[in-house]
Amino acid sequence: MQGGAGKTRLTRRGRILAWGVGATSAVVLGVAGVGAWVYQDLNDNIKSADVDDKIGGDRPENLSPGSKNILVVGSDSRDGANAEYGKDLTTMQSDTLMVLHVPANRKWATVVSFPRDSWVEVPACDKGDGSTSAPHHYKINEAFALGGTSGEVAGAAACSIKTVEANTGLRIDHFMSVDFQGFKGMVDALDGIEVCPEQAIHSKKARLDMEPGCQTVGGEKALGYVRVRYGVGDGSDIGRIGRQQEFMDALAEKAQAKLTSPKALYGFLQSATKSLTTDPDLAGIKPLYGLASELKGIPSDRLTFLTVPNYPREADVATDKANVVWQYPQATDLFNSLARDKEVDKKRLEADTKNPLYASSVRVQVLNGTGTSGLAGTVAGKLRAAGLTVAGTGNAPQNSGTTKVTYPAGLEKQARALVARLPGVRATPDPAAGAGVVTLVVGKDLDLDDIR
Numbered sequence: 027m028q029g030g031a032g033k034t035r036l037t038r039r040g041r042i043l044a045w046g047v048g049a050t051s052a053v054v055l056g057v058a059g060v061g062a063w064v065y066q067d068l069n070d071n072i073k074s075a076d077v078d079d080k081i082g083g084d085r086p087e088n089l090s091p092g093s094k095n096i097l098v099v100g101s102d103s104r105d106g107a108n109a110e111y112g113k114d115l116t117t118m119q120s121d122t123l124m125v126l127h128v129p130a131n132r133k134w135a136t137v138v139s140f141p142r143d144s145w146v147e148v149p150a151c152d153k154g155d156g157s158t159s160a161p162h163h164y165k166i167n168e169a170f171a172l173g174g175t176s177g178e179v180a181g182a183a184a185c186s187i188k189t190v191e192a193n194t195g196l197r198i199d200h201f202m203s204v205d206f207q208g209f210k211g212m213v214d215a216l217d218g219i220e221v222c223p224e225q226a227i228h229s230k231k232a233r234l235d236m237e238p239g240c241q242t243v244g245g246e247k248a249l250g251y252v253r254v255r256y257g258v259g260d261g262s263d264i265g266r267i268g269r270q271q272e273f274m275d276a277l278a279e280k281a282q283a284k285l286t287s288p289k290a291l292y293g294f295l296q297s298a299t300k301s302l303t304t305d306p307d308l309a310g311i312k313p314l315y316g317l318a319s320e321l322k323g324i325p326s327d328r329l330t331f332l333t334v335p336n337y338p339r340e341a342d343v344a345t346d347k348a349n350v351v352w353q354y355p356q357a358t359d360l361f362n363s364l365a366r367d368k369e370v371d372k373k374r375l376e377a378d379t380k381n382p383l384y385a386s387s388v389r390v391q392v393l394n395g396t397g398t399s400g401l402a403g404t405v406a407g408k409l410r411a412a413g414l415t416v417a418g419t420g421n422a423p424q425n426s427g428t429t430k431v432t433y434p435a436g437l438e439k440q441a442r443a444l445v446a447r448l449p450g451v452r453a454t455p456d457p458a459a460g461a462g463v464v465t466l467v468v469g470k471d472l473d474l475d476d477i478r
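Numbering of the sequence shown is given in our numbering, commencing with residue 27 and proceeding in unit increments.
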């Protein structure tokens with residue numbers, strides 16, 4: 027595991043329940059059998075945010091009725107007790123972003139983590155201050171900050187949902203947002219968590235100083251440990267994701283073992299529920315308990331944890347040494363499987379992503395097949411923004427109602443990588459095509475907003 031992470035101890039089910047803090051709370055509540063007044067007190071702690079109006083109606087179709095896609099955000103409001111982290115930042119921030127997919131048959135589940143430095147298109151979002159952001163490419167975690175400009179979780183969550191839906195094609199049914207302060211409180215209620223960094227960690231940004239070796243950390247230091255990135259392992263966000271998962275494993279395991287006294291249980295659940303904001307349908311102990319019960323019945327070997335296939339953006343843009351881009355067509359294959367409620371073969375996915383095809387190596391000729399002036403240039407601009415190389419633009423010999431991709435011998439992989447960014451478009455071989463270039467004929471059916 028990258029990043030000098032601590033011990034891995036818990037079953038994979040623990041990761042889901044730990045990150046879905048409300049679900050963890052509900053499970054422990056059900057086991058402990060606390061009194062009615064405590065139940066109501068904790069239930070009232072859970073905040074609700076209605077995002078439907080802010081998301082709008084242009085959303086992916088639900089291709090698998092009965093399944094659930096739940097967006098889980100680890101957030102930092104940068105105010106109050108959280109203000110010491112990122113004092114130069116004035117908006118809400120997201121440090122962790124993942125989607126939990128629960129299928130209609132409830133026999134398996136998949137959690138997909140999105141590196142916060144994923145370079146994606148962020149769609150137009152209501153900023154909550156009377157203005158709307160313009161669509162642009164940037165880190166995926168910026169969506170939470172843009173939508174949360176006014177400090178409201180509803181706007182932050184809505185922009186994150188729009189961004190995830192636009193780039194994955196997945197319909198998000200619910201969301202959970204867990205803030206930093208609640209995380210620290212949960213760790214402190216457990217009297218700390220043991221971690222075992224393999225190297226010393228000294229980070230002013232994360233307010234963290236640790237020597238190598240096993241040690242128990244309280245809430246403040248634990249927060250720095252899961253947030254720190256630079257100077258640990260390879261310094262990547264992927265390494266941090268692994269460290270976060272391992273820490274939450276240990277937290278959930280200790281919670282199961284330690285929370286036997288009413289006092290400890292109450293303190294833990296107070297922190298957990300106060301840190302949680304969900305959509306109205308999940309905002310309560312009862313619905314969260316229902317979700318936890320569904321997850322509890324899933325066998326451990328049918329719970330899969332994945333990170334979106336990616337590679338350093340530096341491979342496409344030499345000056346960008348900080349971000350990653352998603353690997354196509356593998357990312358689209360992953361999202362399409364979940365959208366259609368199909369279980370993902372993790373080993374096969376990992377094998378398919380060992381040798382990434384860089385976006386910049388896909389050379390595309392864009393031809394306008396609609397008669398609409400300037401459309402080829404517009405599409406070419408979106409492809410360039412996504413990292414592809416545009417070899418040229420022009421008009422197709424004849425108009426076409428259907429968008430088409432053709433390719434010469436030897437460029438099947440490049441063609442597949444292109445159509446993976448164009449939902450509904452298929453690629454066909456063309457023996458007469460010029461060497462080295464994939465041709466895209468833009469038809470009247472192409473929705474520019476669907477280009478990934």
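Note that beta-carbon positions come from the ideal geometry of N, C-alpha and C, so glycine has one too.
Check: Val98 - DSSP class collapsed to helix/strand/coil; Outcome: strand
Check: Anticipated Cβ contact below 8 angstroms, Val77 with Ile96, distance rounded; Outcome: That pair is no contact at about 13 angstroms.
Check: Whole-number beta carbon distance between Leu375 and Leu364, since they are thought to touch under 8 angstroms; Outcome: The pair is not a contact, with the Cβ atoms about 12 angstroms apart (cut-off 8 angstroms).
Check: For Tyr433, the three-state DSSP class (helix, strand or coil); Outcome: strand
Check: Contact between the region 405-418 and the region 176-192 (3+ Cβ pairs under 8 angstroms); Outcome: no
Check: Sub-9 angstroms separation of Thr122 and Ile267 beta-carbons; Outcome: yes
Check: Neighbourhood of Asp3 by C-beta, 6 angstroms cutoff - its chain only, sequence neighbours within 5 removed; Outcome: Outside the shown range of the chain, which is 27 to 478, sits residue 3, and nothing can be said about it.
Check: Reference Pro149; option with closest CA among Ala215, Ala184, Ala281 and Leu68; Outcome: Ala184
Check: Residue(s) in a DSSP beta bridge with Pro338; Outcome: Val350
Check: Cβ-Cβ distance between Leu437 and Val416 below 9 angstroms; Outcome: no
Check: Residue interval of the beta strand (DSSP E) (run including Phe331); Outcome: Leu329 to Thr333
Check: When Cys151, Ala357 and Glu168 are compared against Ser159, the one with the closest alpha-carbon; Outcome: Cys151
Check: Through-space distance from Thr333 to Asn131, alpha-carbon basis; Outcome: 23 angstroms
Check: Ser159 (DSSP reduced to helix, strand or coil); Outcome: coil
Check: Beta-carbon separation (whole angstroms), Leu393 vs Asn421, contact threshold 8 angstroms; Outcome: 6 angstroms
Check: Strand pairing of Ala453, partner residues [DSSP]; Outcome: Val431
Check: Beta-carbon gap between Ala402 and Thr419 smaller than 9 angstroms; Outcome: yes
Check: Every unbroken beta strand (DSSP E) inside the region 153-211 [3 residues or more]; Outcome: 162-165 and 200-205
Check: 7 angstroms Cβ shell around Asp155 - same chain, five flanking residues per side excluded; Outcome: Thr175 and Ser176
Check: Minimum C-alpha distance to Lys408 - residue among Gly395, Pro423 and Val390; Outcome: Val390
Check: Assigned exposure category for Asp143 - 16 Cβ within 10 Å defines buried; Outcome: buried
Check: N-terminal and C-terminal residue of the alpha helix (DSSP H) that Glu320 is part of; Outcome: Ile311 to Lys322
Check: Contact under 9 angstroms by Cβ, Lys470 with Gly395; Outcome: yes
Check: Buried versus exposed call for Trp352 [16 or more other C-beta atoms within 10 Å across all chains shown]; Outcome: buried
Check: Proximal residues to Thr454 (C-beta, below 6 angstroms), its chain only, five neighbours per side dropped; Outcome: Thr432
Check: C-beta contact flag for Thr299 and Leu68 at 9 angstroms; Outcome: yes
Check: Host beta strand (DSSP E) of Asn362 (start-end); Outcome: Where Asn362 is concerned, there is no enclosing beta strand (DSSP E), although the alpha helix (DSSP H) it sits in stretches over Gln356 to Ala365.
Check: Nonlocal neighbours in the same chain, by C-beta distance under 6 angstroms from Val92, ignoring five residues either side; Outcome: Checking the displayed sequence, the identity of residue 92 turns out to be Gly instead of Val. Only Ala130 meet the Cβ criterion.
Check: Asp235, DSSP secondary structure in three states; Outcome: strand
Check: Asp70 in three-state terms, based on DSSP; Outcome: helix
Check: Stretch pair the region 215-231 + the region 273-291: three plus CB contacts closer than 8 angstroms; Outcome: yes
Check: Reduced DSSP secondary structure (H/G/I, E/B, other) of Arg389; Outcome: strand
Check: Pair within 9 angstroms by beta-carbon distance, His163 and Val190; Outcome: no
Check: Selected residue, minimal CA-CA separation from Ile72, among Ala318, Asn336, Ala377 and Ile311; Outcome: Ile311
Check: Cβ neighbour criterion (16 or more within 10 Å) applied to Asp307; Outcome: exposed
Check: Inter-residue CB distance, Phe209 and Ser301 (contact presumed, cutoff 8 angstroms); Outcome: 7 angstroms
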